[in-house]
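Heads up: the structure comes next, in structure tokens.
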Amino acid sequence: MSELRPSSPVRRPETARPRAAGAHEHDEASTPPAGIAPPPSVEPVTLDELVRIQRHMASLPLHSGATVDQDDALGVLMVRRPGAGAALNYAAMPRWDASTWRSSLARVTETMGRDGSWPSMMLSDRLDRPPGLDLAMGSMGWRRLLGETVLWVGHASVVPHLDPRLRFEAVQPRAVAEHETLERDIFGVDPNRAGARRAELSDALVAGGLRAFVVRLDDEPIAVARLSQGEGVAGIYALGVAHAWRGKGYGTLLATIATRAGMATGNRVVWLSVEDGNAPARHVYDKLGFQPAFSWSRWLAPAD
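What follows is the structure, given as structure tokens:
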């Protein structure tokens, strides 16, 4: 575990985003956020907002070079990046008739097979049609890969004080290497994709639909997150803390900062997705006022 170094004079790193006029550093010492105030009650999320969150979540591979198209003939949102595997090639948001969904699924399977991709579906409860599609596909041999729950919040929590040794940076395209290295270490991403991931992140930041954040403690990067802009909603993902610094409140603090950034860009709702069974993360987000929106899962077609 890294040891804390003596505090040094406050300075902005070269990688930091240029500061707007009138901005200032927090200069009052405190421990990481033990007393974050919960947000006030807000209007419930609407069905339209849920659908926009679903579309935004399914479209996140856009930041990794994939294409996303609404295929009305198939009744799904198609996500494609040839050669990238099932993670970036799938169909989502099925809106099928209860009497003809089997033929619709067969057409999607045929189309993906013809494109050279193993048929894969992202399914969301409460929103996809017909209801119970996941159970029916499971009975047909489709394999469930993972499941997560989307949470939403309509107001950012308040951070009363910040440790003066902490820095929150919005990553710039010229400084993606350090961010990608820490992100890859936290999430165990294949190091052979480092160059491609850095190029993808830089392109996404330049395009403007994505922001990336890094937390530094005494100039050492310890936590990262991404914030994606959707249709009136913002999504937080790839939020993680370096192993040596977990359990100290930095993830909670970064989630709060990212939420406030999402609200500051004109969104009423900020969402994120938590893997089923991840009780520590759910505890953090519950404390910050996030509420369940819907659950989703990824499925792979059977071998035949």
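Residue numbers (the numbering used here): 2 to 305. Even glycine gets a Cβ: it sits at the ideal position worked out from N, Cα and C.
- Residue range A280 to K288 is occupied by the alpha helix (DSSP H) that includes P281.
- CA-to-CA, the gap between M58 and S274 works out to about 9 Å.
- A straight-line Cα-Cα distance of about 11 Å links Q71 and R96.
- Following the DSSP letters along the chain, one finds Q55 inside the alpha helix (DSSP H) bounded by residues L48 to A59.
- Taken in chain order, the complete beta strand (DSSP E) segments of 3 residues or longer contained in the segment 124-197 are 144-154 and 167-171.
- Between A239 and V225, the CB-CB gap stays under 9 Å.
- In chain order, R299 place their CB closer than 6 Å to the CB of L147, counting only its own chain and leaving out the 5 sequence neighbours on each side.
- Within the same chain, Cβ atoms closer than 7 Å to the Cβ of Y251 are found at P33, V216, I223, A224 and V242, the five residues on either side in sequence being excluded.
- Annotation: R261 is outside any beta strand (DSSP E); the continuous alpha helix (DSSP H) that includes it extends over Y251 to A265.
- Distance between P303 and G114, taken at the CA atoms: about 12 Å.
- Within the same chain, and ignoring the five residues on either side of T260 in sequence, the residues whose Cβ sits closer than 8 Å to its Cβ are V154, A157, S158, I237, V271 and L289.
- By the Cβ test, the segment 191-208 is in contact with the segment 175-182, since at least three Cβ pairs between them sit closer than 8 Å.
- In the three-state reduction of the DSSP assignment, P95 falls in the coil class.
- Here the alpha carbon of R144 sits roughly 12 Å from the alpha carbon of M123.
- Taking a contact as a CB-CB distance under 8 Å, the pair L228 and G267 does not count as one, their CB atoms being some 13 Å apart.
- When C-alpha distances from F291 are compared across R269, R127 and L211, the shortest belongs to R269.
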